[in-house]
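Beneath this line is the structure, given in structure tokens, with notes to follow.
Set out below in structure tokens:
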């Protein structure tokens, strides 16, 4: 949990864990109390991983001392509603899936010197180890909690001897009550340093559990693996490979993996296979090295992997199974599956990259992992997913040396059963389970098991609604199995998965659970409330029917456009006349003589002076030949026909961070810098500023490969932190890595689609990458849409960008047929400055002082020289825009005023980006960029100057 002033202000003070076990299904409930020791109200965030096959199915938040249950909404909608309500200072709560199988809950408010109670629950199947049902609970926090309770309730159990049960607690004693067993342990000031576990004897035969909901009867059946593969049976060995390719993930997250077990497994496998060639490919944000070994080099392979430099993000897009498959017999992938760099892997794509003609075995040793991705990569390529967190060393080696035991076929009468999962070809490990819908009182399902295509066992399973054991969570287990089946081709089945998620209250990567304060909030945002509020909700809905709204361009967009056009058409003389009529106390009148506006010429000379290491580049906009006219195209406008040459000097302020780690790096020899950085990283691994500043320094020293790897760590810190991701995207644009900047901004528009600025970021990245049609499409989407009131007039800035791109690329015949022609007009200016920043709920002001010492800012939006500032964005991200059509001679000073923040979360570094355009919207347009990190205190920061001379 985080705060602005004290990282320890919010802490988990009470943790009560309750586990209900029915047969092979466990429901785990976390009842948590978070305490706030600071003197101000804060928003809390808490992240936690779940194991493979586990997902959140309950979320509740205390509202006025009573628990309010959460309801499922689309993830995008949940975030938008949460952010909106937080700004209104009302009580919302949200839990969502982030990357992999990791979840995050956000709670607001946690009162000053107070506390807040949150309840989260999930259901899952128990693992069978040594013929015993085994429950394993990973630590939820590494910090001490004041009050800790762990309770277990085992229902409908046939256990007759308490000695058949065990746990990791010495003091955990089970008590028998009405065929159920209960146990509780309580601790004070407790730190969970290792997984908690307990075991229960497993059934000797298969058990069936049923739940009737309305007209549907759901069933769940499970049985130990050894029912179908008796220990007396001979296990089938697979043909071992003679040529192995190992992809080994050496990203920063590798530090969380159990590399000792991974390497030991690889050593054992190599010794059994005795392959002629072992090719080891190390990768993180890119492939770093390919090295060839033989079976006699086991010790060298171990040494090689142990001495790797674990750093950077994880880029699965750098891998190409298909190309390696032609030269190997088998591929082993060691990774946590958390793809943090590049586009999300989609198995519905036609690309052959992740389709291998040889088996792919995926191996993971980290509890917090993308189990689904690793499993899909293996299953799609006739391999197996080995989760070392769930399997012993012996089980793991057996999984990769033996033929995979699978469900080869499943047969049943369609009039008696429906939607039975898993479908055929599912891997069977320690246990087999299936779930479906029973349409009659009873029926029989025939299961065929075996290896490859050879059936070795055929079992008939009788399912009865009369003899089945009643349970309350069967329908949700069935829904989870169906979602797991559909997720193999997630993009193709996204709509159905979302519908299942809503119906059965299951969080998926596109849905969340949300809690709102009162009924009016549920009505306002069109969210079905929990049961306790439905009567009041339905009553209010009937009395206030929903009004349909038209999807039209807001009127305010046209009004703002006309105001900007009016400003652009105003002469310098008119500006001075208007200014002279202003009251003296409203704005001071300068007595200096105003110089004439500089004349624009396509042959004008641009002199760029860079004094800042952070000012990475100046570039010309991609333009076309203007001699050919294109219908409906905006043509660049000239101010005059003067041939006077214009000289423009842009100087950006030097930004020299003065941190101890940079001082140390500057004293280090070039060849030792990366190793020194890795040493420093151990102390700064959670600091975005560290990676930004260090990567900048590596770029300055022309160590580009290392610089990109260091910068990519921003994607690993918090995979869906919009502030950090925007800083990363802007840095990539700064270094002209537009391809990677595009996926960063595409991700931002998906996870925070309510923020219009991210669409502008994406559009401009498209533009700089030469994808101008996509840029225009995206800018029009931004400009034609209504946004939250705090983003009022952002559409005009997007229109300025869009119309400039259209004007400067008319030969490319961009499609503009969908754009309202009333909003298509290019407005070229001598100077345009756009200021953006990476943090939400933060107020930063753009100040531009002209040669006559008149400052243009939110209190003085129009200067006597015609300088114009856009609307003041006080609540996050910007942009703020300064334009002057005819710039008088002299120097223009650019500053950023860090006014303050209303954020109630721990602040990320505040990073501003200033774009300085000269001759904006003309063929000789130039763009210069400065990225500047602001201190965590209020203040005015100089960005640079623009000097005009005739």
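Residue numbers (this note's numbering): 4 to 953.
In this text, a Cβ means the ideal position worked out from N, Cα and C, and glycines have one as well.
Closest to residue i by C-alpha separation, out of the options, would be which residue?
i: residue 207; options: 26, 949 and 842; result: 26
i: residue 439; options: 448, 452, 271 and 423; result: 423
i: residue 139; options: 53, 753, 76 and 275; result: 53
i: residue 427; options: 448, 433 and 443; result: 448
i: residue 710; options: 750, 795 and 738; result: 738
i: residue 17; options: 372, 43, 192 and 749; result: 192
i: residue 525; options: 242, 873, 114 and 95; result: 95
i: residue 321; options: 573, 213 and 292; result: 292
i: residue 316; options: 300, 289 and 331; result: 289
i: residue 360; options: 387, 332, 286 and 348; result: 332
i: residue 895; options: 914, 874, 913 and 849; result: 849
i: residue 78; options: 87, 382 and 512; result: 512
i: residue 924; options: 813, 258 and 412; result: 813
i: residue 870; options: 676, 578, 784 and 801; result: 578
i: residue 457; options: 407, 489 and 436; result: 407
i: residue 369; options: 703, 258, 29 and 519; result: 258
i: residue 326; options: 307, 108, 773 and 357; result: 357
i: residue 943; options: 898, 66 and 714; result: 898
Could you give the distance in angstroms between the alpha-carbon of residue i and the alpha-carbon of residue j?
i: residue 532; j: residue 498; result: 21 Å
i: residue 101; j: residue 82; result: 12 Å
i: residue 366; j: residue 117; result: 44 Å
i: residue 136; j: residue 385; result: 28 Å
i: residue 881; j: residue 111; result: 24 Å
i: residue 517; j: residue 149; result: 28 Å
i: residue 874; j: residue 798; result: 11 Å
i: residue 152; j: residue 21; result: 8 Å
i: residue 464; j: residue 450; result: 8 Å
i: residue 795; j: residue 558; result: 12 Å
i: residue 340; j: residue 872; result: 47 Å
i: residue 592; j: residue 917; result: Residue placement at residue 592 is flagged as unreliable, the pLDDT there being 32, under the threshold of 50; a coordinate-derived value is accordingly withheld.
i: residue 725; j: residue 817; result: 31 Å
i: residue 261; j: residue 267; result: 10 Å
i: residue 823; j: residue 779; result: 13 Å
i: residue 471; j: residue 330; result: 52 Å
i: residue 2; j: residue 224; result: The shown model of the chain, from 4 to 953, leaves out residue 2, and the question about it has no answer.
i: residue 364; j: residue 836; result: 53 Å
i: residue 483; j: residue 373; result: 16 Å
i: residue 767; j: residue 754; result: 19 Å
i: residue 946; j: residue 547; result: 53 Å
i: residue 605; j: residue 929; result: Unreliable positioning characterises residue 605 in this predicted model, as indicated by a pLDDT of 28, which lies under 50. The coordinate reading is nonetheless provided below. Cα-Cα distance, rounded: 12 Å.
i: residue 838; j: residue 318; result: 31 Å
i: residue 312; j: residue 285; result: 10 Å
i: residue 454; j: residue 435; result: 15 Å
i: residue 460; j: residue 452; result: 5 Å
i: residue 195; j: residue 143; result: 8 Å
Could you give the C-beta distance for residue i and residue j, rounded to a whole number, given that I count them as a contact under 8 Å?
i: residue 123; j: residue 61; result: 7 Å
i: residue 889; j: residue 833; result: 6 Å
i: residue 15; j: residue 146; result: 7 Å
i: residue 299; j: residue 280; result: Going by Cβ atoms, the distance from residue 299 to residue 280 rounds to 12 Å, so no, they are not a contact pair.
Taking 6 Å as the cut-off, is the C-beta of residue i nearer than that to any heavy atom in the ligand SAH?
i: residue 297; result: With respect to the ligand SAH, the structure offers nothing, as it holds no ligand at all.
Just list the beta strand (DSSP E) runs in the segment 245-291, keeping only unbroken ones of 3 residues or longer that don't cross its boundaries, in chain order. With a minimum length of 3 residues, the continuous beta strand (DSSP E) runs that stay inside the segment 245-291 are 246-252 and 280-286.
Within the segment 840-912, note down every full beta strand (DSSP E) run reaching 3 residues or more, in order along the chain. Runs of the beta strand (DSSP E) inside the segment 840-912: 845-852, 883-887 and 893-904.
Residue ranges of each alpha helix (DSSP H) run of no fewer than 4 residues wholly in the segment 507-553, ordered along the chain? The segment 507-553 is shown to contain whole alpha helix (DSSP H) runs of 4 or more residues at 522-527 and 534-546, in chain order.
Which residue spans inside the segment 430-483 form an unbroken alpha helix (DSSP H) run of at least 4? Runs found: none.
Three CB pairs or more closer than 8 Å across the segment 785-801 and the segment 755-765: Because the criterion of three Cβ pairs below 8 Å is met, the segment 785-801 and the segment 755-765 touch.
Would you call the segment 249-256 in contact with the segment 207-221, where contact means no fewer than 3 C-beta pairs closer than 8 Å? Fewer than three pairs of CB atoms, one per stretch, sit closer than 8 Å, so the segment 249-256 makes no contact with the segment 207-221.
Go through the segment 64-91 residue by residue and report every complete run of the alpha helix (DSSP H) that reaches 4 residues or more, in order. Whole alpha helix (DSSP H) segments, 4+ residues: 78-90.
Which full runs of the alpha helix (DSSP H) of 4+ residues lie inside the segment 756-838, going along the chain? Segments of the alpha helix (DSSP H) lying fully in the segment 756-838: 759-771, 775-786 and 797-810.
Answer yes if the segment 730-745 comes into contact with the segment 679-699, meaning at least three C-beta pairs across the two stretches below 8 Å, and no otherwise. The segment 679-699, when compared against the segment 730-745, does touch it at the 8 Å Cβ threshold.
Three CB pairs or more closer than 8 Å across the segment 500-510 and the segment 393-403: No: fewer than three Cβ pairs fall under 8 Å.
Any contact of the segment 818-835 with the segment 852-866, i.e. 3+ C-beta pairs under 8 Å? They do not touch, by the three-pair rule.
Cβ contact check for the segment 804-814 and the segment 702-721: 3 or more pairs under 8 Å: The answer is no - the segment 702-721 does not touch the segment 804-814, with fewer than three Cβ pairs under 8 Å.
Which runs of the alpha helix (DSSP H) at least 4 residues long sit entirely within the segment 668-728? Give them in chain order. The qualifying runs are 676-687, 691-703, 707-714 and 717-720.
So within the segment 292-360, which uninterrupted alpha helix (DSSP H) runs reach at least 4 residues, ignoring any that extend past its ends? You should have 301-309 and 324-328.
Enumerated in chain order, which unbroken segments of the beta strand (DSSP E) with a length of 3 residues or greater are wholly contained in the segment 351-411? The segment 351-411 contains these whole beta strand (DSSP E) runs: 363-367 and 388-390.
Unbroken stretches of the alpha helix (DSSP H), 4 residues or longer, contained in the segment 910-935: Whole alpha helix (DSSP H) segments, 4+ residues: zero.
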